[in-house]
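Engineer: First, the structure itself, so that you have it in front of you.
Below you can see the structure in the form of structure tokens.
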């Protein structure tokens, strides 16, 4: 084996190991949490949700849409209190955890205990 082939093999091995470790650290892990959405009271038809929500809220909450940045009135909200879901009124975040991320969306560094569930989403980037 030549010197360049040996270096290439070592380099390939190191890069593969680094990629594996990076994937394990980055890969989103689902967090299971209590949610009002699991309550049968909130198992509404699409038409019932459309009656309950504005078109923008319906798109975000029911179709996993994204509101345009810097359009939410909650960006400039400075009062103390609790932020609730627009659909089911579940308490989600405390104003104490809100910060200005500069992204154009209200940002929170921590949800209320047991208020948020997450899932893996590959709509933007497929690994």
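Numbering (our numbering), first residue to last: -8 to 118.
Glycine included, every Cβ here is placed at the ideal spot set by N, Cα and C.
Given this structure, state the Cα-to-Cα distance separating residue 2 from residue 58, to the nearest angstrom.
Structural biologist: Their backbone Cα atoms lie some 44 Å apart in a straight line.
Engineer: Which term fits residue 84, buried or exposed, when burial requires 16 or more other beta carbons within 10 angstroms of its beta carbon?
Structural biologist: buried
Engineer: So the candidates are 0, 109, 86; which of them puts its Cα closest to the Cα of residue 55?
Structural biologist: 109
Engineer: May I ask which residues mark the beginning and end of the beta strand (DSSP E) holding residue 85?
Structural biologist: 82 to 85
Engineer: For a test of the three-state rule: what should DSSP assign to residue 3, helix, strand or coil?
Structural biologist: helix
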